[in-house]
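Structure, as structure tokens:
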Amino acid sequence: MRSPRGDKWWLLEYCESSDQGQLLGTKMCRLEKRLEDCDHRDECELGMGFLKEGKVQKFRRSLVSKYGTKLWILRVTTTALIWISVVQLMAIGGTWGPRLLKDWPSCFIPADHSLAVQSSSIPTKVRLPPKRVYKNNGYLMVSCNGGLNQMRAAICDMVAIARYLNVTLIVPELDKTSFWADPSEFQDIFDVDHFISSLRDEVRILKDLPPRLKKRVELGMFYSLPPISWSNLSYYLDQVLPLARKYKVLHLTRTDTRLANNGVPLEIQKLRCRVNFNSLRFTPQIEELGRKAVRILREKGPFLVLHLRYEMDMLAFSGCSHGCNSEEVEELTRLRYAYPWWKEKVIDSEMKRREGFCPLTPEETALVLDALGIDRNVQIYIAAGEIYGGERRMETLSSSFRNLVRKETLLKPADLKFFQNHSSQMAALDYLVSLESDIFIPTYDGNMAKVVEGHRRFLGFKKTILLDRKLLVSLVDRYMNGSFGWDEFSSLVKEAHSLRMGSPKSRVMIPDRPKEEDYFYANPQECLQLLDEPLIST
Numbered sequence: 000m001r002s003p004r005g006d007k008w009w010l011l012e013y014c015e016s017s018d019q020g021q022l023l024g025t026k027m028c029r030l031e032k033r034l035e036d037c038d039h040r041d042e043c044e045l046g047m048g049f050l051k052e053g054k055v056q057k058f059r060r061s062l063v064s065k066y067g068t069k070l071w072i073l074r075v076t077t078t079a080l081i082w083i084s085v086v087q088l089m090a091i092g093g094t095w096g097p098r099l100l101k102d103w104p105s106c107f108i109p110a111d112h113s114l115a116v117q118s119s120s121i122p123t124k125v126r127l128p129p130k131r132v133y134k135n136n137g138y139l140m141v142s143c144n145g146g147l148n149q150m151r152a153a154i155c156d157m158v159a160i161a162r163y164l165n166v167t168l169i170v171p172e173l174d175k176t177s178f179w180a181d182p183s184e185f186q187d188i189f190d191v192d193h194f195i196s197s198l199r200d201e202v203r204i205l206k207d208l209p210p211r212l213k214k215r216v217e218l219g220m221f222y223s224l225p226p227i228s229w230s231n232l233s234y235y236l237d238q239v240l241p242l243a244r245k246y247k248v249l250h251l252t253r254t255d256t257r258l259a260n261n262g263v264p265l266e267i268q269k270l271r272c273r274v275n276f277n278s279l280r281f282t283p284q285i286e287e288l289g290r291k292a293v294r295i296l297r298e299k300g301p302f303l304v305l306h307l308r309y310e311m312d313m314l315a316f317s318g319c320s321h322g323c324n325s326e327e328v329e330e331l332t333r334l335r336y337a338y339p340w341w342k343e344k345v346i347d348s349e350m351k352r353r354e355g356f357c358p359l360t361p362e363e364t365a366l367v368l369d370a371l372g373i374d375r376n377v378q379i380y381i382a383a384g385e386i387y388g389g390e391r392r393m394e395t396l397s398s399s400f401r402n403l404v405r406k407e408t409l410l411k412p413a414d415l416k417f418f419q420n421h422s423s424q425m426a427a428l429d430y431l432v433s434l435e436s437d438i439f440i441p442t443y444d445g446n447m448a449k450v451v452e453g454h455r456r457f458l459g460f461k462k463t464i465l466l467d468r469k470l471l472v473s474l475v476d477r478y479m480n481g482s483f484g485w486d487e488f489s490s491l492v493k494e495a496h497s498l499r500m501g502s503p504k505s506r507v508m509i510p511d512r513p514k515e516e517d518y519f520y521a522n523p524q525e526c527l528q529l530l531d532e533p534l535i536s537t
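End of the sequence shown sits at 537 in numbering that gives the first Met the number 0; the numbers just go up one at a time, nothing left out.
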């Protein structure tokens, strides 16, 4: 039996610990101690050959029997412990996360991930899924429109459509011409390499067209169209696929809500979820800054995220001007007429408000939060852009809840230096903080509110208070004109929202009116824990 460490180590230990070792000669011991430093293989082999003779060889055999058994027992014990640990971790891991998609990682990487990576000198080997091989029916280019979360949902739809049609998807182009005028490219917001590699078993995705096809596009040899909204897959199979086959390159110019919420095969619905919750990972820079913001908030205790959708674009687009002065109303009207894609121009603001189609004002929001019993000392992170009307409109809310924070006050200017004037990247920070909050409350059911709601459902039905705006504005008006007191107002508000906390429910389907039914990304029930199963505590 030979030592796995080699003959020289037996003699080194012997020379250092045994009087008999000295009898072999100090020169031999010094030679053996220097074997590791030999520059020439022949010299090392000569030393080893010389030392194998005589008493050293005999003494080594006596030590093998003594220490070899102990080494064998140590190896067996260590191996057994490792296997036991692996089995236990696998058993525990099976109970984590939504059951239908438990193998997918969270969109938000755990807080200690970056530290673990930095502390290891060995690069992490990512295990990629095998590529899906299929006959390519053409190349699909898409130009997304809208804000970050509108584009996020659209990208998920486009991946699903590309998979269904067996075409090659080109990394989507983001909107740079809308009200926000954000010049960010896809790779400035999302981890493009992860996006491509994580979906390679479903659809082929390229960063750019092959050179020969790019030249065809430059010459105008491609077909471009806006797909019909809320279309089912038969539309894409019958109307869109033939165009892709004919022209080789197909360009979809609008992508928002172009795939139906319902009536879609289960595997396609799950793919939409997979893209949303796994493949659309933000860049490492955005993820790290999001973790930093959450870490700062957590150091001070629980926090609530208020998606206060009261920015200029929202008010101009919706025509909602309740609480604005005459100059502000005029400014919002001019903005609405300035953008041709905001088709509705003449809007009755008060009627829309009574119907629940307007975002709550900061003043209304302060009353509602108080009526719901939100602790006045809790941290409230405002996930929004610049509030229209500034400090004047925020005065009531900030006086009622003094721990209001925003990313601009939470983080240092140097942290946000590269995110300034990039609304989608700033919105990505809000998105990450919203996912991690103890409570999420949107004051309007826009795209961010809906997509975050669905993502929080996927993360274990985290508490999301969905405000009934139509009822609330009626209650607020009656309370303000003295129809009832505070206790009755608070009681009515709490009762109305007792079942609007983001708990499991079936998606409401209205086949003839898709805009009025529940949005798929707000409640992707096909990807969540089954409703008839008991909830897993998180």
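For every residue, glycine included, the Cβ atom is placed at its ideal position computed from N, Cα and C.
Spanning the alpha carbons of Pro412 and Val304 requires a straight line of approximately 21 Å. Taking 8 Å as the upper bound for CB-CB distance, Glu343 and Gly318 are in contact here, some 7 Å apart. Per DSSP, the unbroken beta strand (DSSP E) holding Met140 starts and ends at 138-141.
In this model, Phe483 and Ala495 are separated by some 16 Å (Cα to Cα). Gln284 is classed as exposed because its beta carbon has fewer than 16 other beta carbons within 10 Å across all chains shown. The DSSP-derived three-state label of Thr282 is coil.
Contact between Pro441 and His306 holds: CB atoms are separated by about 4 Å, below the 8 Å threshold. Sixteen is the threshold: since fewer than 16 other Cβ atoms of the shown chains lie within 10 Å of the Cβ of Tyr336, the residue is exposed. Between Arg253 and the set Asn148, Gly262, Pro226, the nearest pair of CA atoms involves Pro226.
Comparing C-alpha distances from Leu249 to each of Ile188, Val274, Val166 shows the shortest one belongs to Val166. By the Cβ-count criterion, Ile379 is buried, with 16 or more other Cβ atoms from all chains shown falling within 10 Å of its own Cβ.
Contact holds between the segment 164-184 and the segment 140-147, because three or more Cβ pairs, one in each stretch, are under 8 Å apart. A check of alpha carbon separations from Met150 across Asp237, Ala243, Leu279, Lys269 identifies Leu279 as the nearest.
Taking the Cα of Ala152 as reference, the smallest distance to any Cα among Ala521, Lys247, Leu527, Cys526 is reached at Ala521. Looking at the DSSP output, Gln268 shares a beta bridge with no other residue. The beta-carbon distance between Leu258 and Ile204, rounded to whole angstroms, is 18 Å. This is too long to meet the 8 Å contact definition. A Cβ-Cβ separation of about 5 Å places Arg199 in contact with Lys130 under the 8 Å criterion.
When secondary structure is reduced to three states using DSSP, Gln424 falls in the helix class. Residue range 325-337 is occupied by the alpha helix (DSSP H) that includes Tyr336. DSSP, reduced to helix, strand and coil, places Ser505 outside both helices and strands of the structure shown, so it counts as coil.
The Cβ atoms of Tyr430 and Tyr309 do not sit closer than 8 Å to each other. When rounded, the separation of the alpha-carbon atoms in Val191 and Arg477 is 51 Å. Residue nearest to Tyr133 within the set Arg126, Met140, Ala161, Met157 is Ala161 (criterion: CA-CA distance). Lys493 sits exposed, since fewer than 16 C-beta atoms from the chains shown fall within 10 Å of its C-beta. It is roughly 20 Å from the alpha-carbon of Thr256 to the alpha-carbon of Ala427. In the structure shown, Pro441 falls within a strand segment according to DSSP collapsed to helix, strand and coil. Between Thr395 and the set Leu368, Glu385, Leu415, the nearest pair of CA atoms involves Leu368. Under the criterion of beta carbons closer than 8 Å, His454 and Phe276 qualify as touching, at roughly 7 Å. Looking from the CA of Glu435, the closest CA among Thr463, Leu139, Met220 belongs to Thr463. A residue is called buried when at least 16 other Cβ atoms come within 10 angstroms of its Cβ; Gln419 does not meet this threshold and is exposed.
Contact between Ser423 and Asp156 fails: their C-beta atoms lie close to 18 Å from each other, not under 8 Å. The C-alpha of Phe281 lies about 16 Å from the C-alpha of Cys272.
Counting of Cβ neighbours within 10 angstroms places Asn231 among the exposed residues, the total staying below 16. Judged by beta-carbon spacing, Phe302 lies beyond the 8 Å limit of Trp341, meaning their Cβ atoms are not closer than that value. Between the C-alpha atoms of Asn135 and Pro264 there is a straight-line separation of about 21 Å. DSSP places Gln238 in no beta strand (DSSP E); its state is neither H nor E.
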